[in-house]
Structures are given as structure tokens and as C-alpha cells.
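Numbering (the working numbering), first residue to last: 1 to 114.
Just so you know, even glycine gets a beta-carbon here, dropped at the ideal spot from N, CA and C.
The structure appears right after this line, and notes come after that.
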């Protein structure tokens, strides 16, 4: 009983099946290829710093220009005053030194371990 209110024509249905079958085939293939040929592993280095409140804006701008980004921060109070303790991270290249000459600091940890 065809009264002209079909949801899709035979051609549209064939295209739908064709496109779905391409998706079903390409998804597992892309997973296998990504497992066989992984991209370069990202290595991170971390640093902890606690600049004074008056220097905070300049310090994060300076560290940001060096490639550091804030991973976590908290407001800390000490007997000497208050500061923001920050954990910073940046991608580590194979040639980057463990001691940063710009910040004169040693990164807290490199992940994954070498």
C-alpha cells in the first residue's frame, strides 16, 4: 500500500546503506592504523612556583611566553604573606634541557618517565 508518503525512496535508502557501510568499515581500520603507527608520544615537564601577589601578572606572562601553562593553582597563606602556588606544565622536546635557563628552575617532574 503505497500512498506517496514513504519516508525515503529506494535510491535514498541505497545511499544510506552505502554510507553506513563505509562508516562501519573505516572506523575499525582507522583504529588499527593508529595502533600500528602511533604518533610521537607527548612528554610533559612540570614546575611549581609561587610568585608574590604584586609580581603575579608579570610572572605568568613571562612563563607563558616560555611555553608554560598553568595546570593548577591555589591561594596559599604563609606567615610572610600570601601567594598563588601554581603547578605549571609544558610540552618537553627531546632537546629541551632539564634546567630551564630562562626561569632558572628545575622542572618538578617529566612525564612519562624517561
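Quiz item: residue 88 and residue 71 look like a contact to me (Cβ under 8 angstroms); what is the Cβ gap, rounded to whole Å?
Solution: 6 angstroms
Practice problem: Entirely within the region 4–32 and at least 3 residues each: give me those beta strand (DSSP E) ranges in chain order. | Solution: none
Self-check item: Simplified DSSP assignment, three categories, for residue 65
Solution: helix
Exercise. Decide if residue 45 is buried, meaning its Cβ has at least 16 other Cβ atoms within 10 Å, or exposed.
Key: buried
Quiz item: When the Cα atoms are used, what is the spatial distance from residue 80 to residue 64?
Solution: 26 angstroms
Practice problem: For residue 92, count neighbouring C-beta atoms within 10 Å of its own C-beta (all shown protein chains included) and say buried if the count is 16 or more, exposed if not. | Solution: buried
Quiz item: Identify the residues that DSSP records as bridge partners of residue 90: which are they?
Solution: 45
Self-check item: Through-space distance from residue 86 to residue 26, alpha-carbon basis
Solution: 43 angstroms
Practice problem: Label residue 49 either buried or exposed according to how many other C-beta atoms from any shown protein chain fall within 10 Å of its C-beta, with 16 as the threshold for buried. | Solution: buried
Quiz item: What residues in its chain sit with their C-beta under 6 angstroms from that of residue 68, if we drop five residues either side in the sequence?
Solution: 88, 90
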